[in-house]
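Below is one structure, written out as C-alpha cells, with a few remarks after it.
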Amino acid sequence: MFKFDMNNKVELPTFILRNKSLHNLGSIKGVQSFNTTFNLNSCQEFSCEIYKFENDVENPLWDKIKDNKIIYIPEFNEQYEIGVSIDDENATKKTITGKSLCEAELSQRILRDIEINTTDADVLRDDYQVSIFYNETNHKYSILHRILDKVPHYKIGYVSPTLRGISRIFSIDGTSIYDFMTGDLADEFDCLFQFDSLSRTINCYDLLNYCPECKKRFDSSESRYKLICPKCGNTKNIIK
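Residues 1191 to 1430 in this note's numbering are what the sequence shown lists, from first letter to last.
Structure below.
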C-alpha cells in the first residue's frame, strides 16, 4: 500500500480535498507527521499536520480545510471525513484527523423507535410480514433496508446468500446505524460488514461455515479437526 523512495523512505500518498458533495477542491500540499491505521472490521483513521505557509508561500487550500470536509486518498481507495484543530500557540498550523467516510456518516445517524419482528409492535401491523436479513425484492421486509431507510444515498452491495433468509427480533432506539450494524446485528447474524467509502456501499459476509445439505451454519470450533456439519454429518461441499 505504501510506496518507498530511493532512500527507502515512505512516500506520502495523495491528499485530495473534497466537499460533502464529493467535488474536488484541490490537492493538499505540504502534509507532515502523517499517521494511519488500517482495520478489517472497524474504522480506518489517519492524522497529519498542515502549515499555512511553506517556503513563505501560503497554502492555497488553507481556508478550505475545515471540519466535516472530505479527504480522498486514492492510494488507499478511501475517503475520510475530517476534523480540524488549530494550535492555540501557533495559528499557522492545523492538525487534521480523518475517519473513514462511511463509518463517520453512519455513526451520526441515530435509529429511533424501530421494531423488527417484535410481538408487541411490529407483528401487530396489518401488513406484517417477517423481515429477513436481506430481502432483495421487497425492501419493506428486509432488515438491512429498514435500517438504512434514513440514508438513501447508501446502497447494499454483496450479501452472503447464506445470511439472506434468516430472521431475528430487534427493538432499536437511540443507537447509531453504524453501532447497531457492527454491534447487535453483526453479533446476532455472525457476519462482517465492510464499507466502501468511494461508492457508499455496504457489503456483508458470513463468518460461519455453511452446510448446503441441511442449511446449518456452524463455527469451525464445533468440528475441530475437519469441516463436518454438526447437524447432519455432511463433509462435502461445505462452504467455509
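Just so you know, even glycine gets a beta-carbon here, dropped at the ideal spot from N, CA and C.
The three-state reading of DSSP puts Gly1347 in strand, counting E and B together. Residue range Ile1367 to Phe1370 is occupied by the alpha helix (DSSP H) that includes Ile1367. The Cβ-Cβ distance between Lys1430 and Asn1399 falls below 8 Å. Setting aside the 5 residues that flank it on each side, Glu1265 is surrounded in the same chain by Pro1203, each with a C-beta closer than 6 Å to its C-beta; the list follows chain order. The way I'd put it, the region 1227 to 1244 does touch the region 1288 to 1297; three or more beta-carbon pairs between them come closer than 8 Å. If only uninterrupted beta strand (DSSP E) runs of at least 3 residues are considered, those enclosed by the region 1270 to 1335 are 1283 to 1290 and 1304 to 1306. Membership of Glu1265 in any alpha helix (DSSP H) is not indicated, and neither H nor E is assigned to it by DSSP. With distances taken between CA atoms, Pro1351 lies nearest to Phe1379 out of Thr1425, Asp1409 and Phe1379. Taking a 10 Å sphere around the C-beta of Val1349, we find 16 or more other C-beta atoms and assign the residue as buried. DSSP links Asp1386 through a beta bridge to Thr1391.
Between Asn1307 and Ser1321, the CB-CB gap stays under 8 Å. Annotation for Glu1248: Lys1242 place their beta carbon closer than 7 Å to its own, counting only its chain and skipping 5 residues before and after. With 16 or more other Cβ atoms inside 10 Å of its own Cβ, Leu1334 counts as buried. Between Tyr1318 and the set Leu1397, Ser1332 and Tyr1324, the nearest pair of CA atoms involves Ser1332.
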